[in-house]
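Visitor: Chains as they are written, first to last, in the numbering used here: chain B, 100 to 259; chain V, -13 to 146. Quick reminder that beta carbons are idealized off the backbone N, C-alpha and C, glycines included. None of these values were measured; they are calculated from a predicted model. First, the structure itself, so that you have it in front of you.
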């Protein structure tokens, strides 16, 4: 079952790197009292993700925050080390928080996982974006496999 | 059951990053008629792996090959995109083949997998090294969790 607009985000623990150390980030801490623009990609370092999806949110970070977004999150079923290295490679800096859902715990709880075993990538996330206000899902956009459009930063700007 | 010295390496398909994207590498192609020095790490871009393990094999690649090794392989339960990016980051090109076991197919068959869910990393590989001659395991060095010593490039040089 995929999460629906109006639902509360399920509880899960994600991970990020802070000052070189792996740090846990609970969904409660992440979403409580905040407006969060979250986008998820099938994998770090892949072409669409690296050339369009993540860069779009980096470039438009100020514009998104000007529209009331407190935190921009990039999530993938990769570990925190990979997400951090990828963020540095793409010069994300403080614009976008790079969160690893390495066990796919949150992705599965959202019903937005997909089986990429045939591509040698195990269980991954679908490409999606969401706006979450104080832990409640306000909008959800999912790109069909192999496509990129509805989940872009530009599309999210139009929504906010 | 962990693989033993003398056993044949099981069949599995790994992936590597080619010029136009991920390419398949079967264990048959990888090991047939060759002497292969393979080391496996729990995760790309992690501190020990990036600071010591992979760099040791990159630095000693020529010396290892001078001792009769045809191919040096770095294996991890990460996808080909991550392994490719990590290899580039660590200047492994032409020295160490960065192979991805993204579904942990080979790692599980070798009995060298570990559950890293507690660290938000799902199923991963233990840290080990092996020398494989024409598909048969000649030497296996398995590190205890958290240790890095017997699977180093320097240790392998003494076993060749």
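CB-CB under 7 Å to residue 64 of chain V, same chain, minus the five flanking residues each way: which ones, in chain order?
Guide: Hits under 7 Å: 29, 30, 86, 88.
Visitor: Please list, in chain order, the chain B residues whose beta carbon lies closer than 8 Å to that of residue 8 of chain V.
Guide: Under the 8 Å cutoff, chain B gives 218, 219.
Visitor: Below 8 Å on the Cβ atoms is my guess for residue 200 of chain B versus residue 113 of chain B; work out the distance and round it to an integer in Å.
Guide: Their Cβ separation, rounded to whole angstroms, is 5 Å, which keeps residue 200 of chain B and residue 113 of chain B in contact under 8 Å.
Visitor: Whose C-alpha, out of V:7, V:6, V:111, is nearest the C-alpha of residue 131 of chain V?
Guide: Measuring from the Cα of residue 131 of chain V, the nearest candidate turns out to be V:111.
Visitor: Please identify, using Cβ separations under 7 Å, the residues of the stretch 132 to 148 of chain B that lie next to chain V, in order along the chain.
Guide: Listed by position, the residues of the stretch 132 to 148 of chain B near chain V (Cβ gap below 7 Å) are 142, 143, 144, 145.
Visitor: Would you identify the three-state DSSP class for residue 100 of chain B, choosing helix, strand or coil?
Guide: Three-state DSSP puts residue 100 of chain B in coil, outside helix and strand.
Visitor: Consult DSSP for residue 63 of chain V and reduce its assignment to one of helix, strand or coil.
Guide: Here residue 63 of chain V sits in coil by DSSP.
Visitor: Between the stretch 18 to 28 of chain V and the stretch 163 to 180 of chain B, do at least 3 Cβ pairs fall closer than 8 Å?
Guide: The stretch 18 to 28 of chain V, when compared against the stretch 163 to 180 of chain B, does not touch it at the 8 Å Cβ threshold.
Visitor: Expressed to the nearest angstrom, what Euclidean distance is found between the alpha-carbon atoms of residue 140 of chain V and residue 45 of chain V?
Guide: Distance between the alpha carbons of residue 140 of chain V and residue 45 of chain V: 10 Å.
Visitor: Is it true that the stretch 11 to 22 of chain V meets the stretch 158 to 176 of chain B, where meeting means three or more beta-carbon pairs spaced less than 8 Å apart?
Guide: At 8 Å Cβ cutoff, the stretches do not touch.
Visitor: Between the alpha carbons of residue 148 of chain B and residue 145 of chain V, how many angstroms are there, rounded?
Guide: Distance between the alpha carbons of residue 148 of chain B and residue 145 of chain V is about 42 Å.
Visitor: Going along chain B, which residues have a C-beta under 8 Å from residue 86 of chain V?
Guide: Per Cβ cutoff of 8 Å: 219.
Visitor: In the stretch 10 to 31 of chain V, which residues sit with their C-beta less than 9 Å from some C-beta in chain B, listed in chain order?
Guide: So the close ones are 10, 29, 30, 31.
Visitor: Taking only the alpha-carbon atoms, compute the straight-line gap between residue -12 of chain V and residue 96 of chain V and give it to the nearest angstrom.
Guide: Each residue's alpha carbon lies about 6 Å from the other.
Visitor: With a 10 Å radius around its C-beta and 16 neighbouring C-beta atoms as the bar for buried, classify residue -3 of chain V as buried or exposed.
Guide: Exposed, by the Cβ-count rule.
Visitor: Give me, in chain order, the residues of the same chain whose beta-carbon lies closer than 8 Å to that of residue 138 of chain V; leave out the 5 immediate sequence neighbours on both sides.
Guide: Result list for residue 138 of chain V: 38, 39, 42, 115, in chain order.
Visitor: Give the DSSP-derived three-state secondary structure of residue 31 of chain V in the structure shown.
Guide: The answer is coil: DSSP assigns residue 31 of chain V none of H, G, I, E or B.
Visitor: If distances are taken between C-alpha atoms only, which option among B:197, B:145, B:185, B:189 comes closest to residue 170 of chain B?
Guide: That would be B:197, whose Cα lies nearest to the Cα of residue 170 of chain B.
Visitor: Whose C-beta lies closer than 7 Å to the C-beta of residue 121 of chain B among residues of the same chain, with five residues either side of it excluded?
Guide: Closer than 7 Å at Cβ, skipping near neighbours: 114, 179.
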